[in-house]
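Engineer: Counting in the working numbering, the sequence shown runs from 829 upward without gaps.
Just so you know, even glycine gets a beta-carbon here, dropped at the ideal spot from N, CA and C.
Okay, handing you the structure first.
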Amino acid sequence: MVIKKIPLKDLVDFANQVDKHTPPEGVLPISRQRALSQSQNPFASPDDVALLVAYDNDICVGYLGVVPGGAWVNGVCQKVFWLSTWYVSPKARDSGVAMQLLFTACQLKGDIMVTGVSESARRVYVALHFREFGPLRFCNYWIIRPGRDRLLSRLSRSMKGFDRLVVRFIRRRFLRQSLAPMKSVLANLECRKVSRIQPPEEFSRAIENQPRTFIRESKAINWMLEHPWLTESAQSEPRYEFSVFRQVFHYTALEITSATGKYLGYIVMSTSREKPDSPLALTLLDWALLPEVDLRVIQTLVLREALACEADRITLPSSLAGQLPKPLSQFGQVQEVSSLYFARLQNRESDLSQALNNPHLHYTDGDRAFT
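Have a look at this one:
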């Protein structure tokens, strides 16, 4: 068994080569689109390791991605490395490949961060004495929760398509009624859709003291907007465990200004549907407002976008979800979700270690906003 380290400077060429030579039944360690995106990571250096690939007799049997990011430590940006896309072929899962990949990652020179892990992966990190911190808490706000359309279908088999029309009517009526008392919040504001956010320096200075452990500035947001990992398509890539395609996937970025043109803030959301019969999910990713701006602006824009795209679910911070109208009890629900974090620190007495005692976590930490 051999573990190869692929530096960022070689990642695109490597992705092109494995895409050409991996057979249909083989294991593809990275997609070309993801490699192109990671090559533009504003936190990364050319020599940073971006991917660990496990080979057995020159055949790929597993991989572990590494995504450089930044953390605020006493007002200074410090590089950290987020683990991403950990996968081992079913044929090799009893051979210790997964642990070899993780051990190799732990030997990298830098502080390792992990979030969004499964329960089985959690047990591994705990056993290896990764430091647990967090969790991040957020909400899945279901307008139409899974199964309600299927229930209606059973009640109306004799009327083809009737169930979908009923669900659509209920969803749109609920969102319109929820938005009606909030429309005044957007009075005298202009909300402009943009391909990249460009906050002026004075805005950035005004919000720089807002608490956050892991850096998410405009350069990171624009990297995501301009170089997404996913493509909106009905295709699939069976060789790559972490899908490149979604039935629906796009970002929506809005910049908010006053009637006089003053820059007040921005909001970034993603809309995603994995398969034709999957729920349509709207996720609030990034937002920032001047302190004097009513926070209900964000909630109103989220509901407005949910109505426009006919979302089944909205994912957003718990603090914002609590201010939204209560969903219809027969169809919706508010589901509290938490996500644990783990760290493997070079120095357990470092300033970063101290910062993790009271972390300020966000949904976009790690690679979550890309997926």
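#1: Tell me whether the beta-carbon of Y969 lies closer than 8 Å to the beta-carbon of L1144.
#2: Whether or not the segment 1071-1079 and the segment 998-1010 are in contact is what I'm after, with contact meaning three or more pairs of Cβ atoms, one per stretch, closer than 8 Å; do they touch?
#3: In angstroms with no decimal places, state the Cα-to-Cα distance between N1050 and G897.
#4: Which same chain residues, not among the five before or five after V952, have their C-beta less than 6 Å away from its C-beta?
#5: What does the Cβ neighbour count give for R992, buried or exposed, with the cut at 16 atoms within 10 Å?
#6: Out of curiosity, what's the CA-to-CA distance linking S1166 and V881?
#7: With distances taken between CB atoms, is the gap from V889 to A878 smaller than 8 Å?
#8: Among residues of its own chain, excluding the 5 on either side of L864, which ones have a beta-carbon nearer than 7 Å to its beta-carbon?
#9: Here's a check: name, in chain order, each residue in its chain whose Cβ is nearer than 6 Å to the Cβ of K988, leaving out the five neighbours to either side.
#10: How far does the beta strand (DSSP E) with I1084 in it reach, from first residue to last?
#11: Determine whether the beta carbon atoms of P1107 and D1140 lie at a separation below 8 Å.
#12: Mind pulling the alpha helix (DSSP H) runs of 4 or more residues that sit fully within the segment 988-1059?
#13: Could you please give me the residues that DSSP links to A882 through a beta bridge?
#14: What are the start and end residues of the beta strand (DSSP E) that includes N968?
#15: Just how far apart, CA to CA, sit M927 and E1120?
#16: Alpha carbon to alpha carbon, how far is N885 from R1020? Give it in angstroms, no decimals.
#17: Taking Cβ to Cβ, would you say S1006 is nearer than 8 Å to L1156?
#18: Name, in chain order, the residues that DSSP records as bridge partners for D939.
#19: Starting from E947, trace the alpha helix (DSSP H) in both directions and tell me its first and last residue.
#20: Could you give the DSSP three-state label for E1133: helix, strand or coil?
#21: Are T913 and F1070 touching if we call contact CB-CB under 8 Å?
#22: Quick check: the Cα distance between R1124 and G1160, rounded to an integer number of angstroms?
#23: In angstroms, rounded to a whole number, what distance separates the CA positions of P1028 and Y1091?
#24: Tell me, please, which residues DSSP counts as bridged to E1164.
#25: May I ask which residues mark the beginning and end of the beta strand (DSSP E) holding T1099?
#26: Less than 8 Å between the beta carbons of A1171 and L1189, yes or no?
#27: Sorted by chain position, which residues of the same chain lie with C-beta nearer than 7 Å to L1113's C-beta, five sequence neighbours on each side aside?
#28: Kindly identify the DSSP beta-bridge partner or partners of I1142.
#29: Exposed or buried, T1128, counting other C-beta atoms within 10 Å across all chains shown (16 or more means buried)?
#30: Whole angstroms is fine: what's the gap from V1072's alpha carbon to K1154's?
#31: Exposed or buried, what is R862 when buried is set at 16 or more other beta-carbons lying within 10 Å of its beta-carbon?
#32: Which whole-angstrom value describes the C-beta separation of A1116 and G1150, a residue pair presumed to lie in contact below a C-beta threshold of 8 Å?
#33: For the alpha helix (DSSP H) holding N1186, just list the boundary residues, first then last.
#34: Given a cut-off of 8 Å, decide if W910 and G1194 are closer than it, judged by their beta-carbon atoms.
#35: Tell me, which residues are paired with L864 by DSSP?
#36: Count the other CB atoms within 10 Å of the CB of D941; is the residue buried (16 or more) or exposed (fewer)?
Structural biologist: So, from the listed chains and residues:
#1: yes
#2: no
#3: 14 Å
#4: none
#5: exposed
#6: 30 Å
#7: no
#8: V840 and H1055
#9: Because the pLDDT of K988 is 49, which lies under 50, any placement of that residue in the model is unreliable, and the question is left without a value.
#10: V1076 to S1086
#11: yes
#12: 990-1007, 1029-1035 and 1046-1054
#13: I831 and G890
#14: R959 to W970
#15: 50 Å
#16: 54 Å
#17: no
#18: V908
#19: E947 to A955
#20: helix
#21: yes
#22: 21 Å
#23: 8 Å
#24: C967
#25: Y1091 to R1101
#26: no
#27: V1096, M1097, S1098, Y1191, T1192 and A1197
#28: Y969 and L1110
#29: buried
#30: 35 Å
#31: buried
#32: Actually they are not in contact, since the Cβ atoms of A1116 and G1150 sit about 20 Å apart, beyond 8 Å.
#33: Unbroken run through N1186: none, as it is neither H nor E.
#34: yes
#35: Its beta-bridge partners do not exist; DSSP assigns none.
#36: Checking the displayed sequence, the identity of residue 941 turns out to be Met instead of Asp. Classification of M941: buried, given that the 10 Å Cβ count is 16 or more.
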